[in-house]
Each structure stands twice: as C-alpha cells, then as structure tokens.
Amino acid sequence: MKSARQQMQRSRRSWVCRAQPGLLNLPLDRDLELPISGFDSIKDALTELAAGKFLVVIDDEDRENEGDLIIAADKVTPEAIAYMVEYTSGVVCIGMEGKDLDRLRLPLMVSSAENEEAMYTAFTVTVDLRDGITTGISAADRAATLQRLANPSASAAEFRRPGHIFPLRSRAGGVIVRPGHTEASVDLARLAGCFPAGALCEVVDKADGSMARTPQLLALAKAHGLKCVTIADLIRYRLRHDQLVQLTGRFRVGTVAVLGEDPAAAVALRSCGLAVQPAAPGSEGINGTGTGGEVLTEGVVQASAVAAV
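Here the sequence shown stands for residues 41 to 349, where the numbers follow this note's numbering.
Pasting the structure below:
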C-alpha cells in the first residue's frame, strides 16, 4: 500500500502522450500539415467527406497495401452504394465505435482470440434493416441499413441478423492505435463532423479483379474527382489537431497533516490508447511525438502539467 506522500509524489509527475515508435514508419520530424507527395491533404478530404463525397484511403505498403472507398455512413445514398459496388469488391462494411455496436447488440463474429483474419479485422455479426427493405442486398436496401446504423437513436430491435452489411469494430484510439481502414473510416467521419461511422469497401482493379494498388487508386481518384489520402497522413493530422488526452476530473490532493505541505491541485486524465511517459523538463507538450514509454490509460497528474489540455 503506497503512502499518501508516495501517491502525491507520483501525482506531481508530468505525463506526455507519445506516438507508438515505428508506427507506419512515420517521419515525425516533417511538417505535419503537408501530405505525402502526390496525395491530398486531410483537411481538404474532411471537407469532401462532410459534403457526402467519397474518399480513396490508402494504408501502408507494408500492411495491406490497399485502398478503400470511404464515405460517411450518415451521408450514404443508394446512388453512392451503386457507385461503391461498381469499383470495389462489393463487400460493403461499416466501421463503428465499440459503444455504438454494444448499444445495437452486435457482438464480434468470432472472439478476438479466435480471429484468424489476415489483419485481425474485428467483424461483428452481419445485419440488415428489419423494416422498409426487401432482401437487403440492393443498393437501396444497403444504403437504408447503413443510414440507420449511423443514427444515434437506432435500437437493436430495428435490425435482423444475419444480413448483407458487415459492421467492423474500431479500436479505441483509432488509427494511432491500429492504422487500418476500419479505424480510418471512423476517425475521418468524426473529424468531418459526421456520426463516427464510415461505409467502406476495398477498391479492385477492374481489368482482372485483383486489388488496386497505388497507381490504380490515384488514377481512379483523378478520373472521378475524388480526394486520395493516406492513413499515414491521417495519423499525422490527428497528432497535430486531435484531442489525444481526455480530462475526466479536477480535485484537490493531500492535506497539511499528512503531507506536511499545502494541498495541491490535480486532474484525472484518460489517454486515448497512446503510449504515455513522464515528461522531462522542457520536453514537448501533451501532443508531443517520439518514442513510447509506459502505457497510461488513466492517471492523476499535477494540474500545471496539463495546462494545455
């Protein structure tokens, strides 16, 4: 059992969020506002997404090395799904936050321990909207299901299982924790001011049905006037602009009798799945970058250390 003084000493340590080392081989010393050469900026992409347009989103060449068409799920139309199916594998998915999947009672298709999918994508049971559709497979039916999944007032009883839409469970912390298309779809929708869910499907090369690679993906985006972005740039954007630490409370710690000093102000923090380590004097602030230290999911720190939160 730690003494009150030991707890107080721990609370006085400064903590700083750090990106995971080697994540997508990010050159974190570069200007975080500049996209990778040849691609569009995340800022411009968010404007397009908020307007109900598709994005082409590419992951790292050492990961899947694939591109997905992504659209905010609450902006989906039958025409959008028809377009998506024409240029992709046709397996239409929706990335969603865990809390929304839990609310809709959509459990994982298999447990995490049993997941053998190539990228350990967290598929849940499949769904269709229960009322107002036919078989569930048409563009109009799938659009209706996606729109309702992306509605915060939707309930579990409104969906039948199995179905023709594949919900995917996004990892807490998004692309900074798992740099996949599932997390990218949720992060992009949220950052665009939409419901945090994105409809997504892998783009294929229409010539032979193989997966489209960067040259084909860039050509598709150019031919159709779509923004083409990378998950690497999305990570950099979040490191610069997003809230990576949540303030969960403020209070006073310690007493004169126990600690021999005045009570100190402290705050409670929850990190968004990032590696966190004590900050050295003069080090970067909460949104700093560098190698990771111990992982702090929740903690109490000196209030002055998080003035920027």
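Cβ coordinates follow ideal geometry from the N, Cα and C atoms, glycine included. Since the model is a prediction, treat every value here as computed from it, not as a measurement.
The bridge partners DSSP lists for K267 are L95. Between the alpha carbons of L95 and A153 lies a gap of roughly 32 Å. Taking L208 as reference, the option from S129, K83, E137 with the minimal CA-CA separation is E137.
For L141, the enclosing alpha helix (DSSP H) starts and ends at 138 to 143. Contact between I121 and V215 is ruled out by a C-beta separation of about 24 Å, above the 8 Å threshold. Non-local C-beta neighbours of F199 in its own chain, meaning closer than 7 Å and more than five positions away in sequence, comprise L144, V167, D168, L169, R170, ordered along the chain. If the five residues before and after C241 are omitted, its C-beta is found closer than 8 Å to the C-beta atoms of D108, L109, M124, V125, T128, S129, G130, V131, V132, C133, all from its own chain and listed in chain order. Excluding its 5 nearest sequence neighbours in each direction, S81 has C-beta neighbours in its own chain below 7 Å: P75, listed in chain order.
Minimum Cα-Cα distance from A196 among the listed residues R182, V165, K83 corresponds to V165. Of I205, L228, G265, the smallest CA-CA separation from Y277 is found for L228.
L231 and L86 do touch by the CB rule: their CB atoms are close to 5 Å apart, below 8 Å. With contacts defined by Cβ atoms closer than 8 Å, H221 and D140 do not form a contacting pair.
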